[in-house]
Amino acid sequence: MNAQSKLEFKTFQLSNPSQNRRSNAMGFRDLSICISSFESDFGLIEQASGLAEAWQAHLSCCAIGLQPSPLFSQGIMSGQAEFQAQMQASRDQIEDFRNRLNKYIQEKSVQVELRESLTFDTALAGTVAVFARYADLIVARMPEQPDRDHHGEIIEGAMFGAGRPVLALPKSWKPAPIGRKVLLAWDASREASRAIHDALPMLAPGADVCVTTVDAKIGPGKHGAAPGLDISTHLARHGLKMTVQNADSLGKPVGERLVETAQGFGADMIVMGGYRHPKLAQRLLGGPSHFLVSNSPVPILLSH
């Protein structure tokens with residue numbers, strides 16, 4: 130049989146008398162999004178509003194106006210007049226951005242607390258980090274490549290600067306229930322453990338969770354004697370129905386194999402540790418996080 134043509138899943142569930150009594154007491158109560166003046170659409174607001182309504186959570190939006198940094202501005206290098214003209218053009222763009230955003234919110238009648246901030250384009254991640262520290266979850270747009278709208282910096286600012294989990298949504302995603310069939314990209318790392326525990330408030334009672342490893346290494350300090358078994362046993366005690374899938378890469382990038390497995394499982398969300406390696410290495414060399422955050426067909430929950 131062709132190994133690429135079929136995915137086999139092993140499923141088990143521990144008996145747990147409390148599995149039908151999962152409480153929303155620890156659920157998300159504050160959702161936040163950050164959008165910048167370089168973003169041309171506001172669809173993320175409508176997506177996040179749907180999640181906030183489903184979870185009965187408060188939604189806030191930080192609209193960040195971006196100005197060119199004087200340290201890297203071509204205008205300041207060529208003369209004060211040119212730089213002033215560049216700054217004025219930036220202020221005009223930000224004002225237009227604010228007007229369009231307010232009009233969009235009014236037309237869509239979305240319930241969102243709007244905040245505004247102004248910063249240099251080189252300081253966006255730091256501005257996001259300050260805002261994100263007061264939220265349970267940051268909802269963000271998956272960055273396209275090249276990332277002209279700074280979505281990647283927003284995600285990194287929330288994760289590295291604020292220590293907050295980020296739910297990254299595909300641009301085409303329509304608000305729908307998530308957390309019923311979840312793929313956990315498991316590499317036995319601190320980041321992956323943090324991610325699935327951050328995701329627990331999002332999971333439906335008795336949700337199907339597929340713990341997926343790719344080319345798992347057996348041994349102490351790695352996956353142990355049975356890859357995926359320990360984390361699956363632990364999560365089953367939360368009343369979750371667990372599946373373990375130990376996949377081979379088949380010569381493909383790990384991120385691509387995770388996407389294939391998620392589609393075969395019918396996942397409505399992927400959970401994974403975000404950016405385990407240094408950010409610069411991720412950008413230069415890629416990696417599962419870098420691939421999935423731009424190519425996942427379903428929402429992806431990232432934690433660091």
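By the count of my numbering, the sequence shown reaches residue 433 at its end, each step adding exactly one. The beta carbon of each residue, even a glycine, is placed where N, CA and C say it ideally should be.
Identity of the residues DSSP links to residue i by a beta bridge
{"i": "H187", "result": "D159"}
{"i": "V295", "result": "I267 and L431"}
{"i": "V259", "result": "Paired residue(s): none; V259 is not in a bridge."}
{"i": "T342", "result": "N375"}
{"i": "K310", "result": "D337"}
{"i": "M401", "result": "A314 and L431"}
{"i": "G353", "result": "G348"}
{"i": "S165", "result": "I193"}
DSSP three-state assignment for residue i, whether helix, strand or coil
{"i": "F249", "result": "strand"}
{"i": "I325", "result": "helix"}
{"i": "E273", "result": "coil"}
{"i": "L332", "result": "coil"}
{"i": "S425", "result": "coil"}
{"i": "Q240", "result": "coil"}
{"i": "S202", "result": "Caution applies to S202, whose pLDDT of 49 falls short of 50 and renders its modelled position unreliable; the model cannot decide the point."}
{"i": "L369", "result": "coil"}
{"i": "I174", "result": "helix"}
{"i": "G395", "result": "coil"}
{"i": "I347", "result": "coil"}
{"i": "G194", "result": "strand"}
{"i": "S418", "result": "helix"}
{"i": "G380", "result": "coil"}
{"i": "A305", "result": "coil"}
Outcome for residue i when other beta-carbon atoms lying within 10 angstroms are tallied against a minimum of 16
{"i": "D377", "result": "exposed"}
{"i": "E273", "result": "exposed"}
{"i": "Q196", "result": "buried"}
{"i": "G255", "result": "exposed"}
{"i": "E242", "result": "exposed"}
{"i": "S166", "result": "buried"}
{"i": "G286", "result": "buried"}
{"i": "A391", "result": "buried"}
{"i": "L430", "result": "buried"}
{"i": "G348", "result": "exposed"}
{"i": "R262", "result": "exposed"}
{"i": "R386", "result": "buried"}
{"i": "S423", "result": "buried"}
{"i": "S178", "result": "buried"}
{"i": "R319", "result": "exposed"}
Residue range of the unbroken alpha helix (DSSP H) whose run includes residue i
{"i": "I360", "result": "L358 to A365"}
{"i": "H100", "result": "With the chain represented from 130 up to 433, any question about residue 100 goes unanswered, as that position is not in the structure."}
Cβ neighbours of residue i in the same chain (closer than 7 Å, five flanking residues each side left out)
{"i": "W302", "result": "Q176 and P428"}
{"i": "W184", "result": "G156 and F157"}
{"i": "L230", "result": "F171 and A192"}
{"i": "S202", "result": "Bear in mind that a pLDDT of 49 at S202, under 50, signals an unreliable position, so the number given afterwards is only what the model happens to contain. Here the set comprises F212 and Q215."}
{"i": "A410", "result": "In this prediction, A410 has a pLDDT of 40, which is less than 50 and means its spatial position is unreliable; what the coordinates show is noted afterwards. Excluding residues within five positions, none has a Cβ falling inside 7 Å."}
{"i": "E389", "result": "none"}
N-terminal and C-terminal residue of the beta strand (DSSP E) that residue i is part of
{"i": "D221", "result": "Element bounds for D221: not the beta strand (DSSP E) but the alpha helix (DSSP H), Q209 to K237."}
6 Å CB neighbourhood of residue i in its chain, flanking five on each side removed
{"i": "K310", "result": "D337, G395, A396 and D397"}
{"i": "A321", "result": "W315 and G402"}
{"i": "L369", "result": "A336 and V338"}
{"i": "A181", "result": "L160 and L188"}
{"i": "R244", "result": "C191"}
{"i": "A345", "result": "H352, P356 and N375"}
{"i": "G194", "result": "S166, I223 and L247"}
{"i": "A186", "result": "F157, R158 and L160"}
Residues of its chain near residue i, where Cβ-Cβ distance is below 8 Å and the 5 sequence neighbours each way are ignored
{"i": "G308", "result": "A328, M331, L332, A333, A336, D397 and M398"}
{"i": "V340", "result": "L313, W315, G357, I360, S361, L364, M371, T372, V373 and Q374"}
{"i": "P407", "result": "With a pLDDT of only 49 at P407, under the threshold of 50, the placement of this residue in the model should not be trusted; the figure read from the coordinates follows. Within the same chain, P407 has no close Cβ partners at all."}
{"i": "A269", "result": "I162, C163, L173, H280, I283, I284, A287, V295, L296, A297 and L298"}
Any non-hydrogen atom of the ligand SAH within 6 Å of residue i CB
{"i": "E175", "result": "Looking at this structure, you won't find the ligand SAH or any other ligand, since it has none at all."}
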